[in-house]
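Residue numbers (the numbering used here): 362 to 546. Positions of the beta carbon are idealized from the N, C-alpha and C atoms, including for glycine. Notes follow the structure.
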């Protein structure tokens, strides 16, 4: 039997519950750093056992994949980042958490808690989601690590939105009552 030239050394993994941030699930991100890809930041809860297992599974993948096997973990570029450092510290939700930023060139599957398809734009910054990714170890010009590719997103429940905008129904936001004594609007 002939050896496969480029075997697929990947692992399919799912996070525990996390916050979605900067989701681009209905349309690819075409902004300055978007690379025309679908993506989101998934802000993982430290105290969630499934997220701890998720990180361990990534490390196990890195230990066993041929391109990263035997490499000291401190020498690998791993896919999670500390929410207490870097430019994300100015954004809601990142503090005291770690996060991942999986991407894909194809529109990811987005489902509700019952695994029924929903529009990608139903997921907003601050929504509680679970994220399915494909972890793939790499060795490119001596740079070794694990990259996460976005596969699907499950909307778990509503939560407080990050940043401006909101979901107040039109009738509640624009009352016809006299509010001349109210401050602000």
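{"Asked": "Which runs of the alpha helix (DSSP H) at least 4 residues long sit entirely within the segment 449-516? Give them in chain order.", "Found": "none"}
{"Asked": "Assign residue 442 to one of three DSSP states: helix, strand, or coil.", "Found": "strand"}
{"Asked": "State yes or no: is the C-beta of residue 440 within less than 8 angstroms of the C-beta of residue 386?", "Found": "no"}
{"Asked": "So, residue 486 versus residue 384, is the Cβ gap smaller than 8 angstroms?", "Found": "yes"}
{"Asked": "Helix, strand or coil for residue 376 per DSSP?", "Found": "coil"}
{"Asked": "Could you check which residue in 425, 443, 473 and 505 has the C-alpha nearest to that of residue 404?", "Found": "443"}
{"Asked": "According to DSSP, which residues form a beta bridge with residue 398?", "Found": "390"}
{"Asked": "Residue 474 to residue 378, Cα distance in whole Å?", "Found": "11 angstroms"}
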